[in-house]
Every structure is written in C-alpha cells, then in structure tokens.
Amino acid sequence: MMKYAISILALVLPLMSSAATESDVSTGVYSDCVKWTTINGVEHSKGFQYILNDDDSMSLDVLYYTGTDKCEGDGEVLLHAENFTVQKKVAHKNTVFLILAKNEDSGDYYEMMFSKDRVMVSISDSLPIKYDFNRTLLLKKVQ
Numbered sequence: 015m016m017k018y019a020i021s022i023l024a025l026v027l028p029l030m031s032s033a034a035t036e037s038d039v040s041t042g043v044y045s046d047c048v049k050w051t052t053i054n055g056v057e058h059s060k061g062f063q064y065i066l067n068d069d070d071s072m073s074l075d076v077l078y079y080t081g082t083d084k085c086e087g088d089g090e091v092l093l094h095a096e097n098f099t100v101q102k103k104v105a106h107k108n109t110v111f112l113i114l115a116k117n118e119d120s121g122d123y124y125e126m127m128f129s130k131d132r133v134m135v136s137i138s139d140s141l142p143i144k145y146d147f148n149r150t151l152l153l154k155k156v157q
C-alpha cells in the first residue's frame with residue numbers, strides 16, 4: 015500500500031508543482047496512444063482521448079486498434095463516457111487544476127488533475143477515489 019502511495023506522489027507532485035499559469039487554459043483535447051500487444055505478429059494499440067469543453071462538459075474515449083501500434087484507422091470503442099456530473103472543481107480564473115466528476119451511466123467517479131499540458135485521469139468505483147494504476151491515465155494536451 016505504501017508503495018502505491020509513493021508512486022502516486024511521484025506522479026502527482028510534478029503535476030502540481032508545474033501548475034499552469036493564469037494564461038493557460040485547461041479546456042481542450044488530451045490524448046495518448048500506447049502499443050498494447052502483438053498477437054501472431056499483428057500489433058495492437060489503445061488510444062485514449064479526454065475532452066474538456068468551456069462549459070465543463072467532458073468526454074472520455076478508449077479505443078482498441080488492430081494492426082497498428084500507432085492508433086491508426088478506425089478503432090473499436092472500448093469505453094465512451096460523456097454523461098458526467100461535476101462534484102468538485104478547483105480553478106483559478108481560466109485554469110482548472112482539479113475536477114471530480116461522476117459518470118451517471120456507469121456510476122464511476124473520475125478525478126482529473128491538470129498541469130500545464132497534461133491531465134491525470136483516475137477512475138474509481140466509489141469515493142474517496144481509490145488510486146489504481148490500471149485505472150489511471152496520463153494524457154498530453156494536443157489542442
């Protein structure tokens with residue numbers, strides 16, 4: 015348990031210490047693509063995309079791609095979440111630092127912690143958020 019706490023701190027401290035300046039805006043598209051596995055010589059990848067809009071609406075997509083390690087082409091939708099209710103928001107002027115939201119469709123809780131150009135998304139089935147590396151994404155801002 016202590017090992018997980020130290021690992022989470024290692025991720026969170028750089029995010030919080032490089033907190034965005036007032037001129038940065040947290041809304042936008044954040045994504046990542048990871049090579050997932052190779053089966054019988056065929057590469058597979060997973061693509062992750064989180065979108066935060068000016069009106070605090072948001073969506074999260076997880077797509078599975080066959081035949082590419084770069085998330086190219088049309089992926090199979092593994093998760094599409096967009097029906098969120100914001101539970102808590104920490105912001106200063108145009109910069110959001112933290113959003114805690116509940117997905118009304120699945121009942122899961124999502125915590126998004128923002129830095130200048132990244133967001134760490136943690137998903138938990140209850141509050142307080144249970145940090146699990148298998149349910150945590152670190153995404154880079156692309157727009």
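First residue of the sequence shown: 15, per the numbering used here; consecutive thereafter.
Virtual Cβ for every residue (Gly too), placed ideally from N, Cα, C.
For residue i, which option in the options has the closest C-alpha, if you only look at C-alpha atoms?
i    : options               : result
G42  : I137, S136, R132      : R132
V100 : R149, N148, G89, A115 : A115
Y79  : H106, D68, I53        : I53
K102 : D75, I143, T82        : I143
E96  : N67, V110, D83        : N67
S71  : N117, N148, S129      : N117
D122 : V91, L77, I113, S140  : S140
For residue i, which residues does DSSP report across the bridge?
i   : result
C47 : G61
K14 : Missing from the structure shown is residue 14; the chain here goes from 15 to 157 and no further.
V76 : F62, L93
G42 : L66
Just to confirm my understanding: we take residue i, look at its own chain, exclude 5 residues before and 5 after, and list those with CB closer than 8 Å. What are they?
i   : result
S45 : G61, F62, Q63, Y64, L153, K154, V156
What does the Cβ neighbour count give for residue i, buried or exposed, with the cut at 16 atoms within 10 Å?
i    : result
I137 : buried
S120 : exposed
A105 : exposed
F98  : buried
Got a sec? Which residues, its chain only, sit under 6 Å from residue i by beta carbon, not counting five neighbours each side?
i   : result
D69 : none
In its own chain, which residues sit with a C-beta less than 7 Å from the C-beta of residue i, not counting the 5 before and 5 after it?
i   : result
T51 : H58
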